[in-house]
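*Asks:* Here's a structure for you.
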Amino acid sequence: MLSRMLQVHRDKPKCWHIAACWELEENKNKQSARQYLLRGLQIHPDSQLLYVDAFKLELENRVAVITTNNAENTENQEDNLALTMMNGNEIPISLKTAYFIYQQAFERIKDIKFIVELLNIAKEYDDTEKLQMKIICDMMREYAHEPLMWDTMARRELQGLVQPDLNDTPMEIENSEQTSLRDRITSCNKVYQTAVKKIKTEEMWSLYIECLLEINRDAKSLQLLPNFKRKLLKTSLTQAHKAKKLREKHYLHWIDMLSDKEHDESEQKRLTDVLREATDTVPSSVGLWHARINRMLQSGQEKEVDTIFPKVTEILNEKALPLWKMRILHAQIRSSEEAEKSFQAALKAHPLIAQDIKPVWLEWLVLTKGIHVAREAYKQLCLQPPNSLEFHKKMATLEYVQPEASVEHARHPYRMATQHFGTDDTSVWMDYIRFEMKHGDPKEVGKIYARAVKTLKGSLTNSFMMEYSLIAAKHDSRK
1056 MLSRMLQVHR DKPKCWHIAA CWELEENKNK QSARQYLLRG LQIHPDSQLL
1106 YVDAFKLELE NRVAVITTNN AENTENQEDN LALTMMNGNE IPISLKTAYF
1156 IYQQAFERIK DIKFIVELLN IAKEYDDTEK LQMKIICDMM REYAHEPLMW
1206 DTMARRELQG LVQPDLNDTP MEIENSEQTS LRDRITSCNK VYQTAVKKIK
1256 TEEMWSLYIE CLLEINRDAK SLQLLPNFKR KLLKTSLTQA HKAKKLREKH
1306 YLHWIDMLSD KEHDESEQKR LTDVLREATD TVPSSVGLWH ARINRMLQSG
1356 QEKEVDTIFP KVTEILNEKA LPLWKMRILH AQIRSSEEAE KSFQAALKAH
1406 PLIAQDIKPV WLEWLVLTKG IHVAREAYKQ LCLQPPNSLE FHKKMATLEY
1456 VQPEASVEHA RHPYRMATQH FGTDDTSVWM DYIRFEMKHG DPKEVGKIYA
1506 RAVKTLKGSL TNSFMMEYSL IAAKHDSRK
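Under the working numbering, the first residue of the sequence shown is numbered 1056, with each subsequent residue one higher.
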């Protein structure tokens, strides 16, 4: 069955993988699995999947040696294996085959992520320290320009794993239990410090800071060295900021750290500076502007906020909506006069911001000035596109909850909704019809139906007619 499958699908690495897995798991035949993987690699010499399978197989079966009897059509591989054994004389005999597989993978596939994957696989097996050292030395030689290589080395320092130093001089193998947490964190940090000097990119700084964040959050050692770990994190954030390589999410974390020190005057001044510098460095970040403006409002700097808002809106355009909502909410808490001023400013700020603010504005007018003022505002705003469907629905709801409802006034939002959205949305017609059936004039339903059929896109007409038939039949049954 497997042979037939491979005859038809030999061009698919996944099929060789399946065949090898079947032999291993179902038939418990490691030799056959090895043969499938070797033949698969002959046909697909760039298959990461097959190299991983072969590497794992040889690590799990380290004492096995590939012989000519079990290596049909693999004479070239055996010649290379013999050469590898002479060159890699530090590798234990039980790991020679795994090392050969690794070397072939390293030569064929130029991908740091894949090499790190092989290193991490080797790490899971006992007595593979020398193999790991070989992989790391190759990585350092070939991928010194890759941030992931440095990140991998630093994290291995943190775990206390076998590691060459930065000068390629092998270090004594140390047990992670014998190395103190402080020493491991310090060694890890030193690797990153070297890395950011060699690779001056945002990605490298981000990997560095992410690792320090993990160290600070580690539940197993949360109570150990908190000040030491926090200091390293703060230092790295400051350095990345000065290098202009700090990402938005890390700025936000730094801001949270500084905000926790609300009773520390120097830290609060630092927070103010960081917020200003962060928005200068990443001006497109809504989150950073939100944090900065919120801080200013909480500090009573309303006038300063008014001054910078035009600039912020110009930079962010419609994305500034959350900032306007925050400003309006803050103004509502302070006074009706300030709230109205903020609403009016928001309605003029940007068309798409105004579109979302209009429903909130109507509700605020009803609550503070009454339905009559809201109706006038609604009429004026209907003439100032764009308007959302939510805007019309909000007005209809506000009319409906009035103690003395006016049918004519309540009808107006439904009519306007059909004018603005009646071509592409059947729901506005169905809402209008339901209103007339329940609260208005049922005689108007036929006229509304005819207008809907004439106005809606052809692709929507049938679904509208079906929906209308259902509610019309239900309405008639209640008469």
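Beta carbons are placed, not taken as given, at the ideal position from N, Cα and C, and that holds for glycine.
The structure presented is a predicted model; accordingly, all values stated were derived computationally and were not measured.
1) Relative to the alpha-carbon of A1386, which residue among Q1353, H1405, K1366 has its alpha-carbon at the smallest distance?
2) Where does P1202 fall in DSSP's three states?
3) Find out if the Cβ-Cβ distance for the pair L1453, E1418 is shorter than 8 Å.
4) With respect to the alpha helix (DSSP H) encompassing T1423, which residues constitute its N-terminal and C-terminal limits?
5) Just to confirm before moving on: does the CB-CB distance between A1404 and T1362 stay below 8 Å?
6) When you compare each of S1339, Q1187, T1290 to E1172 by their alpha carbons, which one comes out closest?
7) Need the endpoints of the alpha helix (DSSP H) that D1506 sits in, please.
8) Tell me, which residues are paired with P1365 by DSSP?
9) Just the Cα atoms here: how many angstroms apart are R1071 and C1243?
10) Looking only at its chain, what residues have a beta carbon closer than 7 Å to the beta carbon of E1145, apart from the 5 residues adjacent to it on each side?
11) Which residue from L1279, I1191, R1302, C1437 puts its Cα closest to that of T1473?
12) Helix or strand or just coil, what does DSSP make of P1377?
13) Would you mind reading off the limits of the alpha helix (DSSP H) that contains L1444?
14) Output needed for A1527: all residues of its chain with C-beta closer than 6 Å, excluding positions within five of it in sequence on either side, in chain order.
15) So, using beta-carbon positions, are S1291 and L1267 closer together than 8 Å?
16) For L1105 versus H1099, is the C-beta distance shorter than 8 Å?
17) Could you give the C-beta distance for E1373 and S1340, rounded to a whole number, given that I count them as a contact under 8 Å?
18) Less than 7 Å between the CB of E1459 and some heavy atom of the ligand GDP, yes or no?
19) What number of angstroms, rounded off, separates the C-alpha of Q1214 from the C-alpha of A1346?
20) For K1316, count the other beta carbons within 10 Å of its own beta carbon; 16 or more makes it buried, fewer makes it exposed. Which is it?
21) I'd like to know whether the C-beta atoms of V1500 and E1491 end up nearer to each other than 8 Å.
22) Which value, in whole angstroms, describes the spacing of the CA atoms of K1284 and Q1435?
23) Have a look at T1139 and A1199 and give me their C-alpha separation to the nearest angstrom.
24) Please state the DSSP three-state secondary structure of P1497.
25) If you compare alpha carbons, which of K1151, R1211, A1160 is closest to N1175?
26) Go ahead and pull the three-state DSSP assignment for T1152.
27) Could you pull the start and end residues of the alpha helix (DSSP H) that L1262 belongs to?
28) If you count every other CB in all the chains shown that lies within 10 Å of the CB of N1282, and 16 or more means buried, which is it?
29) Using the C-alpha atoms, what's the distance from V1421 back to N1442?
30) Should Q1294 be flagged as near chain C, meaning a C-beta pair shorter than 8 Å?
31) With respect to the alpha helix (DSSP H) encompassing Y1180, which residues constitute its N-terminal and C-terminal limits?
*Replies:* Looking at the coordinates:
1) By one-based count along the sequence shown, residue 1386 stands at place 331. Selected option, being the one with the closest Cα: Q1353.
2) Position 147 of the sequence shown holds residue 1202. P1202: helix per DSSP, three-state reduction.
3) The residue labelled residue 1453 in the question sits at position 398 within the sequence shown. The residue labelled residue 1418 in the question sits at position 363 within the sequence shown. Between L1453 and E1418, the C-beta spacing is below 8 Å.
4) Counting from one through the sequence shown, the residue named residue 1423 turns up at place 368. Boundaries of the alpha helix (DSSP H) harbouring T1423: 1406-1424, taken from the DSSP string.
5) As a first step, residue 1404 must be located in the sequence shown, where it is residue number 349. As a first step, residue 1362 must be located in the sequence shown, where it is residue number 307. No, these two residues do not count as a Cβ contact at 8 Å.
6) To locate residue 1172, count along the sequence shown from 1; it is residue 117. Nearest of S1339, Q1187, T1290 to E1172, Cα basis: Q1187.
7) As a working mapping, residue 1506 is identified with position 451 in the sequence shown. The sequence as given places Arg at residue 1506; Asp does not occur at that position. Where R1506 is concerned, the enclosing alpha helix (DSSP H) stretches over 1500-1510.
8) In the sequence shown, residue 1365 corresponds to position 310, counting from 1. DSSP lists no partner for P1365.
9) Along the sequence shown, one-based indexing puts residue 1071 at 16. Along the sequence shown, one-based indexing puts residue 1243 at 188. Per the sequence shown, residue 1071 should be read as Trp rather than Arg. Here the alpha carbons of C1243 and W1071 stand approximately 40 Å from one another.
10) Within the sequence shown, numbered from 1, the residue matching residue 1145 stands at position 90. Taken in chain order, the residues that qualify are K1185.
11) For the purposes of this step, residue 1473 is identified with residue 418 of the sequence shown, where counting begins at 1. Looking at the Cα atoms, C1437 is the closest of the given residues.
12) Indexing the sequence shown from 1 puts residue 1377 at position 322. It is helical.
13) The sequence position of residue 1444 within the sequence shown is 389, counting from 1. DSSP places L1444 in the uninterrupted alpha helix (DSSP H) bounded by 1444-1455.
14) As a position in the sequence shown, residue 1527 is number 472, starting the count at 1. The beta carbon of A1527 is closer than 6 Å to none in its chain, skipping five residues each way along the sequence.
15) Indexing the sequence shown from 1 puts residue 1291 at position 236. Indexing the sequence shown from 1 puts residue 1267 at position 212. Yes, the pair counts as a contact, with Cβ atoms nearer than the cut-off.
16) In the sequence shown, residue 1105 corresponds to position 50, counting from 1. In the sequence shown, residue 1099 corresponds to position 44, counting from 1. The Cβ atoms of L1105 and H1099 sit closer than 8 Å to each other.
17) On the sequence shown, residue 1373 is found 318 positions in, with the first residue counted as 1. On the sequence shown, residue 1340 is found 285 positions in, with the first residue counted as 1. Approximately 15 Å separates the beta-carbon atoms of E1373 and S1340; this is outside 8 Å, ruling out the contact.
18) This structure lacks the ligand GDP; in fact it carries no ligand of any kind.
19) Counting from 1 along the sequence shown, the entry for residue 1214 is found at position 159. Counting from 1 along the sequence shown, the entry for residue 1346 is found at position 291. C-alpha separation (whole angstroms): 36 Å.
20) In the sequence shown, residue 1316 corresponds to position 261, counting from 1. The residue is exposed, with fewer than 16 neighbouring Cβ atoms inside 10 Å.
21) Taking the sequence shown and counting its residues from 1, one reaches residue 1500 at position 445. Taking the sequence shown and counting its residues from 1, one reaches residue 1491 at position 436. Yes; because the gap between Cβ atoms is below 8 Å, this pair is in contact.
22) For the purposes of this step, residue 1284 is identified with residue 229 of the sequence shown, where counting begins at 1. For the purposes of this step, residue 1435 is identified with residue 380 of the sequence shown, where counting begins at 1. If you take the alpha carbons of K1284 and Q1435, they lie about 59 Å apart.
23) Position 84 of the sequence shown holds residue 1139. Position 144 of the sequence shown holds residue 1199. Low local confidence applies: a pLDDT of 45 at T1139 is under 50, so the model's placement there is unreliable, with the coordinate-based value given in what follows. A1199 has its alpha-carbon roughly 24 Å from the corresponding atom of T1139.
24) Working through the sequence shown from its first residue, we reach residue 1497 at position 442. Under the three-state reduction of DSSP output, P1497 falls in the helix class.
25) Walking along the sequence shown from the start, residue 1175 turns up at place 120. Closest by C-alpha distance to N1175, out of K1151, R1211, A1160, is R1211.
26) Position 97 of the sequence shown, counted from the start, is the residue given in the question as residue 1152. T1152 carries a helical assignment under DSSP once its states are collapsed to helix, strand and coil.
27) Walking along the sequence shown from the start, residue 1262 turns up at place 207. Looking at the DSSP string, the run of the alpha helix (DSSP H) that includes L1262 is 1257-1272.
28) Your numbering for residue 1282 matches position 227 in the sequence shown. With fewer than 16 neighbouring CB atoms inside 10 Å of its own CB, N1282 falls in the exposed class.
29) On the sequence shown, residue 1442 is found 387 positions in, with the first residue counted as 1. On the sequence shown, residue 1421 is found 366 positions in, with the first residue counted as 1. Approximately 19 Å between the Cα atoms of the pair.
30) Of the protein chains in this structure there is only one, and it is not chain C.
31) Numbered from 1 along the sequence shown, position 125 holds the residue referred to as residue 1180. First-last for Y1180: undefined, no H or E at that position.
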